[in-house]
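J.:
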Amino acid sequence: MAEVALRKVIKRYDDVEAVRGIDLDIADHEFIVLVGPSGCGKSTTLRMIAGLEDITDGDIMIGGDVVNDVPPKDRDIAMVFQNYALYPHMTVAENMSFGLRLKHYPKAEIKARVTEAARLLDITDLIDRKPKQLSGGQRQRVAMGRAIVRNPKVFLFDEPLSNLDAKLRVQMRIEIKKVHQKVRTTTVYVTHDQVEAMTLADRVVVMNKGRIEQIGTPNELYHKPATRFVAGFIGSPAMNFLPCRLEDAGGALQIRLTDRIAFALPPARATRYNALPRTDKLLLGIRPEHLTESHAHLGPGVETFDTVLDVTEPMGMETLVYFGLEGTPVCGRVDPNAGAADGAPMRLAMDLNNMHLLNEETGVVL
Amino acid sequence: MADVVVEQGRLARAASPRKRTSLRNAMGRKSTVAFFLTLPLILLIALLVLYPAFYSVYLATLNKAMTKFVGLSNFTFLFKRETFWMVVRQSCIFAITAVVFKALIGFIVAHFVHNIPGKKQRKWRGMLLVPWVIPPAMSTLAWLWLFDPSYSAFNYTLSFFGIGPIPWLGDTFWARFSVILVNVWYGAPFFLIMYLAALKSVPDQLYEAAAIDGANWWQKIWHITLPMMRNIIAITTLFSLIVTFANFDIVRILTSGGPLDRTHLFATWAFQVGIQSSDIPLGACVSLFMVPILAVAAVFILRDVNKRGNEA
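Residue numbers (my numbering), protein chains in the order written: chain A, 1 to 366; chain B, 1001 to 1312.
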């Protein structure tokens, strides 16, 4: 097991820069998830760590050694691919032991390792089958087994659950987490699914357009996003962004959303934002769970306003409500018994203690 | 008793519409429709393949004047002739050597072509297929000139290195070498295109997984490429073995079987015995000998293809 470090890593294809100078330190035993939309460079980054792509510039270190020019087979890594990449002509046991056989491990040790990995992944009964005779979930386990038996320094996962159906994906997510808790190998995991990222990772790396937007624990990313991209990418339904501006009103600070709606900021927020120029174009970022139905005992910093709902989506434990504010679509989460209905007027409460203020031009969270 | 008669009458009445329904069902069944749709082709094959095949079996049992049934005596006569056994040996050497080299060259060149990027690959593919698309009767004529002992490009070029002149078609070894060379030149592109298609169907991720598992280039070929191409290799080899074994035009044009019958194959010898020496029954007899030899090869090569069929 080992730590992994990326230093100003760049990947260029002809004129396109896929990865634009990434710095990343991954600690020993850590589970890191690279997440971002398609084409953000996350898979390229993973493949560069694996040695399947050359790096254009920068350094990649595994266990303290620079591995820029080391071929994949000598990096002591194991990788799980999106479409499993199992060898179709080999049985499960042969698939799992392939790497060890190439390295001429003693037969007894190979058998012991394969048996142990199969037990860990609950695929002991499938050991003599060919990949074609397995379901998607079972194939994924075999692919993980192939990685585990090698006992490598680093595990690399390239969107391993994308080919599974929704239910199996949740199940395998838990399996992956359990396996990591047992083997504790440093893991780099690539996904475009922010739920996978949040649930699996010790730390999440959010990537966009070949750059790292933010690195942090799932909670940090959710509650303290650094940029508009991160704020909008993490969380489902996504955070609402409302154009607004700051105003001084009788010695207090308030944000104005529309001609009719302006809210006084809670003292902590007022102090934080007081130094900002009043002329800046700003965005109010508020998550749907902080836009709820109004009730009699609202705490400090919670402001109410009236609106007419466009659409409601009953989810069972909550109802998502959609409405417009000055043409901007907004989503809120209300209690299923709050009486929300399509086209009905409703008084909503906005919890400004959990608001974010963003610079509209730079996208930076202030 | 009366009851039984009535029963039987009812049964008899019921049976006839059922018969009509089953006929209608049979006509409506997909397999029946398919059979009738393929019937013209089946008739054509029967006319052009089965009829001549059985006719040649019939011919092989006649005497030279084709007037008397002589049973298997043509076959027993052949067994006693030394030339026949030489032709068996030569056909086997020719077919096996040529197929092995065609397969090897096809496999190696397919790898090179597979690694040429995009548009350039199409050009190379087109150029490399040229030998296969020229009718061999024509291209072999060009080879005949190249092999000319006095004025050919080969011997002229070799003379600069102090080699030769080599009697390409006049010496037993070189004549055999030459016919095999031309056959390899003509047939390798077929292997190339089949192997290239097979290579393209192997997912890149298998190679990446193998690279991470620690495989070098040779281990990737041995453990990934070859097993993934097994079926294509088996079928291509069998097909080529049949075609090469039954080859006629190259030998006919280059050497006509000479020198001293040392390059005769079944087809060319059958032609010489049957047509040129006017012993049609014996010629038919020679050509029939190809069937058991190829059948054994087919059984061995295709034995596992069905079993492995849908592995991927």
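Cβ coordinates follow ideal geometry from the N, Cα and C atoms, glycine included.
Nothing here was measured: the structure is a model prediction, and the numbers come from that model.
Select from B:Leu1254, B:Val1070 and B:Met1127 the residue whose C-alpha is nearest the C-alpha of B:Phe1177.
T.: Comparing Cα-Cα distances from B:Phe1177 to each of B:Leu1254, B:Val1070 and B:Met1127, the minimum goes to B:Leu1254.
J.: Please tell me whether B:Leu1302 has its Cβ less than 8 Å away from any Cβ of chain A.
T.: So no, B:Leu1302 is outside the interface.
J.: How about A:Leu379 and A:Leu6: are their beta carbons less than 8 Å apart?
T.: Absent from the structure is residue 379 of chain A, since the part of chain A shown begins at 1 and ends at 366.
J.: What in chain E is Cβ-close to A:Lys73, meaning under 8 Å?
T.: No chain E is present in this structure, whose protein chains are A and B.
J.: State whether the region 336-346 of chain A contacts the region 308-319 of chain A, with contact taken as three or more CB pairs (one from each stretch) at a distance under 8 Å.
T.: The region 336-346 of chain A, when compared against the region 308-319 of chain A, does touch it at the 8 Å Cβ threshold.
J.: If you reduce the DSSP assignment to three classes, tell me which class A:Lys433 lands in.
T.: Examination of residue 433 of chain A is not possible in this model, given that chain A is present from 1 through 366 alone.
J.: What is the rounded straight-line gap between the Cα of A:Thr304 and the Cα of A:Met355?
T.: Those two C-alpha atoms are separated by around 14 Å.
J.: Output needed in chain order: residues of the region 1218-1238 of chain B with a Cβ under 9 Å from some Cβ in chain A.
T.: Those would be Gln1219, His1223, Ile1224, Pro1227, Met1228 and Arg1230, in chain order.
J.: Just to confirm, are A:Thr44 and A:Ala27 a CB contact at a threshold of 8 Å?
T.: No; because the gap between Cβ atoms is not below 8 Å, this pair is not in contact.
J.: Return no unless some Cβ of chain B is closer than 8 Å to the Cβ of A:Ala2.
T.: No, A:Ala2 lies away from the interface with chain B (no Cβ there is under 8 Å from its Cβ).
J.: Which of the three DSSP states is assigned to A:Gly285 in this structure?
T.: Looking at A:Gly285 - three-state DSSP - the assignment turns out to be strand.
J.: Check each candidate in A:Leu320, A:Gly137 and A:Leu242 and name the one with the smallest Cα separation from A:Glu175.
T.: Checked all of A:Leu320, A:Gly137 and A:Leu242; the closest Cα to A:Glu175 is A:Gly137.
J.: May I ask you to report which of helix, strand or coil DSSP gives A:Arg12?
T.: Of the three classes helix, strand and coil, the one that applies to A:Arg12 here is strand, per DSSP.
J.: Tell me, please, whether the CB atom of B:Leu1288 is closer than 8 Å to any CB atom in chain A?
T.: Judged by the 8 Å Cβ criterion, B:Leu1288 is not in contact with chain A.
J.: Return the chain-ordered list of same chain residues with a C-beta closer than 6 Å to the C-beta of A:Met61, the five sequence neighbours on each side being excluded.
T.: The answer, listed in chain order, is Ala5.
J.: Using C-beta distances below 7 Å, list every residue in its chain close to B:Trp1124, excluding the 5 sequence neighbours before and after it, in chain order.
T.: Val1113 and Ile1116, listed in sequence order.
J.: So if DSSP puts A:Ala264 in a beta bridge, which residue, or which two residues, is it bridged to?
T.: Paired residue(s): A:Gln254.
J.: Would you list the residues sitting across from A:Thr307 in a DSSP beta bridge?
T.: Answer is A:Met346.
J.: What is the DSSP secondary structure of B:Cys1285, counted as helix, strand or coil?
T.: Of the three classes helix, strand and coil, the one that applies to B:Cys1285 here is helix, per DSSP.
J.: Is B:Gln1276 buried or exposed, if buried means 16 or more other CB atoms sit within 10 Å of its CB?
T.: Answer is exposed; the Cβ neighbour count stays below 16.
J.: Give the C-beta separation of B:Val1305 and B:Ala1234 to the nearest angstrom, bearing in mind that I take them to be a contact with Cβ-Cβ under 8 Å.
T.: Yes, they are in contact, since the Cβ atoms of B:Val1305 and B:Ala1234 sit about 5 Å apart, within 8 Å.
J.: Tell me whether A:Gln82 sits in a helix, a strand or coil according to DSSP, three-state version.
T.: Three-state result, A:Gln82: coil.
J.: Should the region 179-193 of chain A be regarded as contacting the region 153-167 of chain A, the criterion being three or more beta carbon pairs within less than 8 Å?
T.: These segments touch.
J.: For the candidate residues A:Glu3, A:Gly58, A:Met90 and A:Asp15, whose alpha-carbon lies nearest to that of A:Ile77?
T.: Measuring from the Cα of A:Ile77, the nearest candidate turns out to be A:Glu3.
J.: For B:Leu1206, return the contacting residues in chain A, with the cut-off set at a CB-CB distance below 7 Å.
T.: Within 7 Å Cβ-Cβ: Ala85 and Tyr87.
J.: Hey, which unbroken runs of the beta strand (DSSP E) at 3 residues or more fall wholly within the region 111-192 of chain A?
T.: For the region 111-192 of chain A, whole beta strand (DSSP E) runs of length 3 or above, ordered along the chain, are 154-158 and 186-191.
J.: Could you check where the alpha helix (DSSP H) with B:Asp1213 kicks off and where it finishes?
T.: Taken as a continuous stretch (DSSP letters only), the alpha helix (DSSP H) holding B:Asp1213 covers Asp1204 to Asp1213.
J.: Would you report the Cα separation of A:Asp335 and A:Gly285, rounded to the nearest angstrom?
T.: So the two alpha carbons sit approximately 21 Å from each other.
J.: Excluding five sequence neighbours on each side, which residues of the same chain lie with their C-beta closer than 7 Å to the C-beta of A:Val230?
T.: Closer than 7 Å at the Cβ level, and outside the excluded window around A:Val230, lie Val206, Glu213, Gln214 and Leu221.
J.: For the beta strand (DSSP E) that contains A:Val204, what are its first and last residues?
T.: From DSSP, the beta strand (DSSP E) with A:Val204 extends over Arg203 to Asn208.
J.: Does B:Pro1052 come out as helix, strand or coil in the three-state DSSP assignment?
T.: Of the three classes helix, strand and coil, the one that applies to B:Pro1052 here is helix, per DSSP.
J.: Have a look at A:Gly99, A:Asn208 and A:Leu358 and flag the residue whose alpha-carbon is nearest the alpha-carbon of A:Arg228.
T.: If we check each option's Cα against that of A:Arg228, A:Leu358 comes out closest.
J.: Around the Cβ of A:Gln140, are there at least 16 other Cβ atoms within 10 angstroms (buried) or fewer (exposed)?
T.: Buried, since its Cβ has 16 or more Cβ neighbours within 10 Å.
J.: Taking 8 Å as the cut-off, decide whether the C-beta atoms of A:Asn95 and A:Val35 are in contact.
T.: Not closer than 8 Å, so no.
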